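S.K.: First, the structure itself, so that you have it in front of you.
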Ligand SMILES: Cc1cc2nc3c(=O)[nH]c(=O)nc-3n(C[C@H](O)[C@H](O)[C@H](O)COP(=O)(O)OP(=O)(O)OC[C@H]3O[C@@H](n4cnc5c(N)ncnc54)[C@H](O)[C@@H]3O)c2cc1C
């Protein structure tokens with residue numbers, strides 16, 4: 496069975512948009528194809544007419560520091576949506592500014608998947624526990640979206656509509672890249688996850704934490720967790736309990752209670768019970784916070 500009729504290797508963003516919008520049938524962007532091609536082959540995605548490959552678009556395959564368009568003295572870490580997980584793991588820019596993302600991307604699949612799968616595909620597939628997406632959420636990433644009308648930026652969380660559903664219009668929009676704040680003094684991040692021993696794709700639970708430390712106090716913090724609702728979750732109540740406090744056992748217990756009150760953990764037959772996930776919240780919260788705290 497033919498799952499697509501035309502494969503277009505785009506050379507620029509306008510070229511990709513042109514191929515997407517003028518295809519004579521359903522068209523989809525493809526990055527590494529590690530989700531989409533399996534879904535097509537296994538009948539979870541209806542056949543498409545045109546696949547538009549964005550992994551040779553120069554602007555979508557770079558990792559670099561870019562000037563902030565609103566504040567020329569500030570910069571942002573830019574990661575193209577067509578960058579593979581292996582490229583992220585090897586990037587000195589990501590190592591310097593986004594440790595949680597390095598840790599997340601280094602755990603995705605095995606080497607073959609990491610050499611092929613893109614960060615854009617990890618996010619656009621819109622699963623609430625995608626490892627790269629959870630790290631990006633804690634790192635306060637902004638996404639850049641291109642359409643025939645031009646480009647716009649939006650907070651990452653605005654992309655999500657439900658498990659496997661994003662707000663992107665698949666036949667006329669594409670993710671071009673991600674902007675992350677540069678790491679400041681005494682700021683750091685960390686990512687952890689728990690997989691089933693025989694698991695190959697998504698984790699039982701994952702968590703990323705970014706924090707800023709002033710002396711013995713957490714002055715600011717962001718925590719992201721998945722799968723803890725139909726969308727990736729920013730644990731804002733837990734963050735509030737941590738701000739202005741030292742990460743001692745009393746503060747951690749209060750943060751855990753807040754976290755458990757704002758997540759919706761469920762039992763999934765092939766992965767874990769809700770009860771086990773509640774237990775993992777405590778382990779991952781302590782582990783990610785401690786790791787980021789020591790790094791900061
Ligand atoms: C064996 C195996 C192990 C895996 N392990 C993990 C894991 O540990 N953790 C994890 O999070 N995931 C895992 N995955 C899932 C998958 O590899 C990742 O989500 C990967 O990042 C998807 O990227 P891709 O480039 O292959 O996406 P694709 O399959 O190319 O695309 C996925 C979806 O995103 C859309 N898309 C892709 N790029 C863009 C873009 N730039 N703009 C708009 N839409 C776009 C496509 O149209 C499609 O709907 C695994 C998959 C396999 C097969």
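Numbering (this note's numbering), first residue to last: 496 to 791. Note that beta-carbon positions come from the ideal geometry of N, C-alpha and C, so glycine has one too. Note that the coordinates shown come from a computational prediction; the quantities given were computed from them, not determined experimentally.
Is the number of C-beta pairs between the stretch 644 to 658 and the stretch 742 to 752 that are closer than 8 Å three or more?
M.R.: No contact exists between the stretch 644 to 658 and the stretch 742 to 752.
S.K.: Taking the DSSP output, what are the residues bridged to residue 638?
M.R.: Paired residue(s): 649, 673.
S.K.: Once DSSP output is grouped into helix, strand and coil, what is the label at residue 563?
M.R.: Correct three-state label for residue 563: coil.
S.K.: Considering only heavy atoms of ligand 1, does any lie closer than 7 Å to the CB of residue 523?
M.R.: Residue 523: yes, Cβ under 7 Å from ligand 1.
S.K.: Pick helix, strand or coil for residue 546, following the three-state DSSP scheme.
M.R.: Correct three-state label for residue 546: strand.
S.K.: Any chance the CB of residue 603 is under 7 Å from a heavy atom of ligand 1?
M.R.: The answer is yes for residue 603.
S.K.: Quick one: does the C-beta of residue 544 sit closer than 7 Å to a heavy atom of ligand 1?
M.R.: No, the beta carbon of residue 544 sits no closer than 7 Å to any heavy atom of ligand 1.
S.K.: Could you tell me the distance, in whole angstroms, from the CA atom of residue 784 to the CA atom of residue 599?
M.R.: Whole-angstrom Cα-Cα distance: 15 Å.
S.K.: Can you give me the Cβ contacts of residue 725 inside the same chain, cut-off strictly under 7 Å, excluding the 5 residues immediately before and after it?
M.R.: Once the five neighbours on either side are set aside, the close Cβ partners of residue 725 are 623, 657, 658.
S.K.: How is the beta strand (DSSP E) around residue 700 delimited, first residue to last?
M.R.: Residue 700 -> beta strand (DSSP E) spans 700 to 709.
S.K.: Quick one: grab the DSSP three-state call for residue 716.
M.R.: Three-state result, residue 716: strand.
S.K.: Just the C-alpha distance for residue 503 and residue 615, rounded to the nearest angstrom, thanks.
M.R.: In a straight line, the C-alpha of residue 503 is about 18 Å away from that of residue 615.
S.K.: Output the distance between the C-alpha atoms of residue 572 and residue 680, rounded to the nearest integer angstrom.
M.R.: If you take the alpha carbons of residue 572 and residue 680, they lie about 16 Å apart.
S.K.: Pair every Cβ in the stretch 759 to 772 with every Cβ in the stretch 660 to 677, then say whether three or more of these pairs are closer than 8 Å.
M.R.: No, the stretch 759 to 772 is not in contact with the stretch 660 to 677.
S.K.: Should residue 505 be listed as close to ligand 1, given that the test is whether its C-beta is under 7 Å from any heavy atom?
M.R.: No.
S.K.: Only counting the same chain, and skipping five residues up and downstream in sequence, which positions put a Cβ closer than 6 Å to that of residue 589?
M.R.: Correct list, in chain order: 583, 596, 597.
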